[in-house]
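Numbering (my numbering), first residue to last: 78 to 516.
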């Protein structure tokens with residue numbers, strides 16, 4: 078005997094089964110939180126090289142494209158002229174393009190660390206060594222203020238003394254007596270550093286395989302999408318993924334280039350003017366510039382404080398320079414590199430940064446804007462689709478001054494505030510009720 082089960086009951090049963098399974102897993106995770114944390118850490122440690130390899134391949138894809146199509150494919154056309162050698166020509170171009178892409182990446186990373194790390198280390202050592210002289214200079218500057226502002230000078234000296242002596246006390250009481258623990262921590266840190274290096278090597282190897290077979294991986298993903306969704310929904314999913322790739326790829330790569338340019342300009346300015354700690358401060362300014370809106374201020378505050386210890390004049394000049402530099406970046410350099418990829422107003426970008434930073438920290442502040450841009454686009458697409466189904470306008474300007482929409486002779490007619498008849502205003506609730514019933 079055959080069982081005939083209606084699809085709606087089958088769907089309800091699957092949903093209930095899923096809810097029960099999720100409830101059991103949630104209850105188990107609460108009762109065995111330590112085991113779940115260990116399992117989560119194991120999964121993260123295992124997946125980290127794979128995720129980083131895919132991310133690295135995605136970020137290096139523009140460089141790969143340049144080497145492949147503009148450098149080695151023309152060479153391949155000269156070496157493999159016969160039509161039956163087309164596959165060999167493509168493999169030749171892809172292989173050499175991957176090799177030079179990885180070499181370029183390693184040169185940038187290793188060369189940058191080799192040039193920057195020693196200077197940053199020397200700058201930090203100099204800050205610690207010269208701290209007493211900086212303290213005396215600031216104290217002398219405060220004492221040289223106008224005698225009429227003696228009360229302000231007194232409070233500034235009190236604050237300076239408190240900060241300085243707390244730092245010295247922390248060094249003598251907490252750092253020096255616990256050097257054995259610090260050495261043990263450094264030893265474990267070396268082990269952790271070796272693990273990071275190993276994971277980075279694995280990530281680079283995985284990125285090579287991803288770049289070599291990116292067309293196959295994309296084809297498998299498309300095949301999976303069309304096997305799960307209907308053709309209409311699958312086309313929408315692929316369009317959405319293309320938009321997400323365009324937004325994230327353009328924003329992240331563009332922001333990295335933009336931040337590098339800002340850091341380089343800051344370094345050149347500080348070298349020309351003769352400010353100390355040019356490398357350290359330029360790195361801080363460049364790295365924090367990745368964060369939209371708040372990044373310049375996050376980088377400028379500690380940098381200005383470092384320069385304040387040397388000379389208040391240098392600190393003031395630096396603050397003015399950062400303000401001018403960010404205006405140039407926001408109005409010239411940034412739009413030239415990034416364009417209008419996010420297509421969001423300043424209010425929504427600010428909202429995305431605040432929410433992303435509050436939920437996910439620095440990473441949320443960096444990726445909050447492109448994530449929100451994708452969500453905003455998705456909601457807009459769904460909204461326009463629903464409006465078209467109801468034969469309503471999709472342009473936002475058409476809804477300015479709208480009071481209600483009424484049905485006349487089977488058509489939806491928008492009523493503006495100044496044109497709504499008194500007898501039609503009461504029909505708004507009926508229209509909403511009809512729409513809810515249709516849904």
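Glycine residues also receive a C-beta, built at the ideal position from the N, C-alpha and C atoms.
Keep in mind that this is a model prediction, so the values were computed, not measured.
Using the Cα positions of residue i and residue j, report the straight-line distance between them to the nearest angstrom.
i, j, result
"residue 305", "residue 295", "16 Å"
"residue 96", "residue 117", "22 Å"
"residue 504", "residue 475", "Interpretation of residue 504 is limited by its pLDDT of 48, a score under 50 that renders its predicted location unreliable; the figure taken from the coordinates is listed afterwards. Approximately 20 Å, taken between the alpha carbons."
"residue 191", "residue 91", "57 Å"
"residue 376", "residue 362", "5 Å"
"residue 384", "residue 189", "24 Å"
"residue 408", "residue 280", "37 Å"
"residue 147", "residue 413", "23 Å"
"residue 143", "residue 310", "33 Å"
"residue 313", "residue 138", "24 Å"
"residue 445", "residue 325", "11 Å"
"residue 420", "residue 386", "42 Å"
"residue 157", "residue 163", "7 Å"
"residue 119", "residue 125", "10 Å"
"residue 297", "residue 410", "39 Å"
"residue 260", "residue 179", "Interpretation of residue 260 is limited by its pLDDT of 49, a score under 50 that renders its predicted location unreliable; the figure taken from the coordinates is listed afterwards. Taking the straight line from one Cα to the other gives about 35 Å."
"residue 273", "residue 291", "26 Å"
"residue 353", "residue 203", "10 Å"
"residue 89", "residue 98", "14 Å"
"residue 327", "residue 351", "36 Å"
"residue 299", "residue 127", "21 Å"
"residue 86", "residue 93", "10 Å"
"residue 102", "residue 456", "31 Å"
"residue 129", "residue 307", "32 Å"
"residue 100", "residue 477", "46 Å"
"residue 349", "residue 271", "39 Å"
"residue 278", "residue 210", "44 Å"
"residue 345", "residue 115", "48 Å"
"residue 466", "residue 473", "16 Å"
"residue 371", "residue 462", "36 Å"
"residue 171", "residue 187", "24 Å"
"residue 422", "residue 293", "38 Å"
Give every residue of the same chain whose Cβ lies closer than 8 Å to the Cβ of residue i, excluding the five residues on either side of it in the sequence, and list them in chain order.
i, result
"residue 488", "468"
"residue 154", "166"
"residue 131", "283, 284 and 287"
"residue 302", "311, 314 and 315"
"residue 464", "470 and 471"
"residue 196", "356 and 357"
"residue 378", "none"
Have a look at the options and flag the residue whose alpha-carbon is nearest the alpha-carbon of residue i.
i, options, result
"residue 198", "362, 481 and 356", "356"
"residue 289", "169, 463, 423 and 105", "169"
"residue 330", "133, 298, 348 and 158", "133"
"residue 458", "342, 471 and 139", "471"
"residue 373", "340, 387, 348 and 386", "340"
"residue 364", "104, 121 and 440", "440"
"residue 33", "371, 422 and 122", "Any answer about residue 33 is impossible in this case: the structure gives the chain only from 78 up to 516."
Excluding the 5 residues preceding and the 5 following residue i in the sequence, name in chain order all residues of the same chain whose CB lies nearer than 6 Å to its CB.
i, result
"residue 111", "none"
"residue 347", "355"
"residue 406", "339"
"residue 367", "332, 336 and 443"
"residue 543", "With the chain represented from 78 up to 516, any question about residue 543 goes unanswered, as that position is not in the structure."
"residue 322", "none"
"residue 177", "144"
"residue 173", "149"
So is residue i in contact with chain C if we call contact Cβ pairs under 8 Å?
i, result
"residue 476", "As a matter of chain content, chain C is missing from the structure shown, which is built from one protein chain."
By Cβ distance below 7 Å, which residues in the same chain neighbour residue i in space, the five residues on each side in sequence not counted?
i, result
"residue 381", "392, 395 and 396"
"residue 106", "113"
"residue 263", "Its pLDDT being 46, under 50, residue 263 is placed unreliably by the model, and the measurement read from it follows with that caveat. Closer than 7 Å at Cβ, skipping near neighbours: no residue."
"residue 206", "none"
"residue 437", "none"
Contact defined as beta carbons within less than 8 Å: I believe residue i pairs with residue j. What is the distance between those atoms, to the nearest angstrom?
i, j, result
"residue 430", "residue 369", "6 Å"
"residue 433", "residue 448", "7 Å"
"residue 136", "residue 175", "Rounded, the Cβ-Cβ distance is 14 Å, inconsistent with contact."
"residue 193", "residue 360", "6 Å"
Exercise for the section: Mind the definition here: the stretch 390 to 408 touches the stretch 449 to 456 only if three or more C-beta pairs lie below 8 Å; say whether that holds. Expected result: no
Practice task
Count the CB pairs spanning the stretch 142 to 159 and the stretch 182 to 190 that are closer than 8 Å, and state whether there are at least three.
Solution key: no
Practice task
Count the C-beta pairs between the stretch 306 to 323 and the stretch 335 to 342 that are closer than 8 Å, then say yes if the count reaches three, no if not.
Solution key: no
Practice task
Evaluate contact between the stretch 419 to 429 and the stretch 399 to 407, counting only Cβ atoms and requiring at least three cross-stretch pairs below 8 Å.
Solution key: no
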